[in-house]
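For reference, the structure is listed below as structure tokens.
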Amino acid sequence: MNSKKINITIPEDNLEEIEEFCHAEGVSKSFLIREASIAYISKIKEERQLQKKREEMQWTVNATKKLRDKSTGFKEGKKGLQVIRQSRDGKL
């Protein structure tokens, strides 16, 4: 893996905490920041995917409700869902 050096600005308190942690764990600051950035990016991507799935599921629920609510016009004023259930249950 190719690597590049970068310069970053970190508050002193945060840097002290990083240095103490790295010393205690026996890892470099580069390692810690690299691993933390990988974990952070992965977490954000996963949260976005979950949010997209939630939005798609909500859209499906809303679309299904709209279709169900306007599916009238069957005999005796029944709705489509009622006709499907009766057909499924052999009551038609």
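Start counting the sequence shown at 10; every next residue gets the next number (my numbering).
All C-beta atoms, glycine included, are put in the ideal place defined by N, C-alpha and C.
- Per DSSP, the continuous alpha helix (DSSP H) segment holding GLU65 begins and ends at 38-79.
- Secondary structure at GLY86: helix, using DSSP grouped into helix, strand and coil.
- ILE27 is positioned such that its CB atom lies closer than 7 angstroms to that of LYS38.
- For ASN23, the enclosing alpha helix (DSSP H) begins and ends at 21-34.
- DSSP places SER96 in the helix class (H, G or I) of the three-state scheme.
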